[in-house]
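Following: one structure in structure tokens, then a few remarks.
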Amino acid sequence: MTTERWSDLGKLILRLSLGALILLHGIAKLRGGTEGIVGMVEAHGLPGFLGYGVLLGEVLGPALLILGWHARIGAVLVAGNMLVAIALVHLGQLGQLNDQGGWAIELQAMFLATAAAVALLGPGKYSLNGK
Numbered sequence: 000m001t002t003e004r005w006s007d008l009g010k011l012i013l014r015l016s017l018g019a020l021i022l023l024h025g026i027a028k029l030r031g032g033t034e035g036i037v038g039m040v041e042a043h044g045l046p047g048f049l050g051y052g053v054l055l056g057e058v059l060g061p062a063l064l065i066l067g068w069h070a071r072i073g074a075v076l077v078a079g080n081m082l083v084a085i086a087l088v089h090l091g092q093l094g095q096l097n098d099q100g101g102w103a104i105e106l107q108a109m110f111l112a113t114a115a116a117v118a119l120l121g122p123g124k125y126s127l128n129g130k
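Listed below in structure tokens is the structure:
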């Protein structure tokens with residue numbers, strides 16, 4: 000295998016893992032509703048309809064990533080979703096460690112970093128449109 004193929008395979012793994020893991024959160028929102036998110040957004044003094052943006056970052060974005068169709072846009076949607084989640088829910092945990100000694104928001108940070116990597120690297124050859 001050439002270096003380029005290894006790179007494309009790595010990009011595929013990044014896209015599929017990020018897309019699948021975030022999509023599970025989106026499916027939970029579709030099944031359970033977004034009322035909790037809307038309430039949290041309103042509690043921060045923002046219009047409630049912005050809470051429905053979670054569906055962009057946790058359903059549409061992951062679907063674009065998994066398909067590799069405009070995956071950079073999907074990655075930006077996921078990254079934006081993670082930034083909002085960190086700002087609204089996890090801001091107080093930025094300097095904290097969890098019970099196992101890891102960073103309290105390591106999962107959110109990993110999702111954000113992976114989304115940023117896909118946005119910068121692109122989806123690779125194994126995608127629907129390579130954009």
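Everything in the sequence shown is counted per numbering that gives the first Met the number 0, starting at 0 for the first residue and increasing by one.
Backbone N, C-alpha and C fix where the C-beta goes; we use that ideal spot for every residue, glycine too.
Asked: Relative to the C-alpha of A115, which candidate in V58, L49, L64 and H43 has its C-alpha closest?; Found: L64
Asked: Could you tell me if L111 is buried or exposed, where buried requires 16 or more neighbouring beta carbons within 10 angstroms of its beta carbon?; Found: buried
Asked: From L45 to H24, what does the alpha carbon distance come to, in whole angstroms?; Found: 22 Å
Asked: Across which residues does DSSP place W102 in a beta bridge pair?; Found: L96
Asked: Measuring CA to CA, which of N128, G129 and K124 is closest to T2?; Found: K124
Asked: Does DSSP classify H24 as helix, strand or coil?; Found: helix
Asked: What is the DSSP secondary structure of P61, counted as helix, strand or coil?; Found: helix
Asked: If you reduce the DSSP assignment to three classes, tell me which class H89 lands in.; Found: helix
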